[in-house]
Amino acid sequence: MSNHDQLHRYLFENYAVRGELVTVSETYQQILNNHDYPAPVQKLLGELLVATSLLTATLKFDGDITVQLQGDGPLKLAVINGNNRQEMRGVARTQAPIADDST
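Under the UniProt record's numbering, the first residue of the sequence shown carries the number 1, and numbering increases by one thereafter.
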């Protein structure tokens with residue numbers, strides 16, 4: 001996790017509720033900076049980045065976690081790798097054009 005990204009844990013003891021609030025704006029921008037991803041791919045990478053951050057923060061482990069999606073459609077691969085220190089990176093590969101209004 002970069003210096004500007006944050007992870008905050010919270011707990012409501014009286015209600016047995018806990019959660020985490022994640023901001024990964026800087027890491028997200030680093031992932032997008034060197035690529036011209038269509039808007040739907042950018043959104044998906046952001047969602048995978050947050051999911052990976054939450055997984056690495058919640059699980060008690062030393063090492064890496066990889067969240068990867070593969071398909072036969074226009075998006076061939078989307079992958080985010082993160083570790084127990086909240087260091088993350090990611091990439092996507094397309095094999096056909098993806099319209100900005102695709103879902």
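Backbone N, C-alpha and C fix where the C-beta goes; we use that ideal spot for every residue, glycine too.
Keep in mind that this is a model prediction, so the values were computed, not measured.
For residue i, list the residues DSSP reports as bridge partners.
i	result
LEU46	Looking at the sequence itself, residue 46 is Gly, so the reference to Leu does not match. In the DSSP output, where bridge partners are listed per residue, GLY46 has none listed.
THR94	LEU75
ASN83	ASP64
VAL22	LEU7
Need the endpoints of the beta strand (DSSP E) that residue i sits in, please.
i	result
GLU13	From DSSP, GLU13 is part of no beta strand (DSSP E); its letter is neither H nor E.
If you follow the alpha helix (DSSP H) that residue i is part of, which residue opens it and which one closes it?
i	result
THR66	Premise fails: THR66 lies in the beta strand (DSSP E), 64-70, not in any alpha helix (DSSP H).
GLU26	25-33
Do you know offhand how far residue i's Cα is from residue j's?
i	j	result
ILE65	ASN34	23 angstroms
GLN95	GLU13	48 angstroms
THR103	VAL17	32 angstroms
residue 105	LEU45	Since the displayed the chain opens at 1 and closes at 103, residue 105 lies outside it and no answer follows.
TYR10	GLU20	6 angstroms
LEU75	ASP62	31 angstroms
THR27	GLY73	27 angstroms
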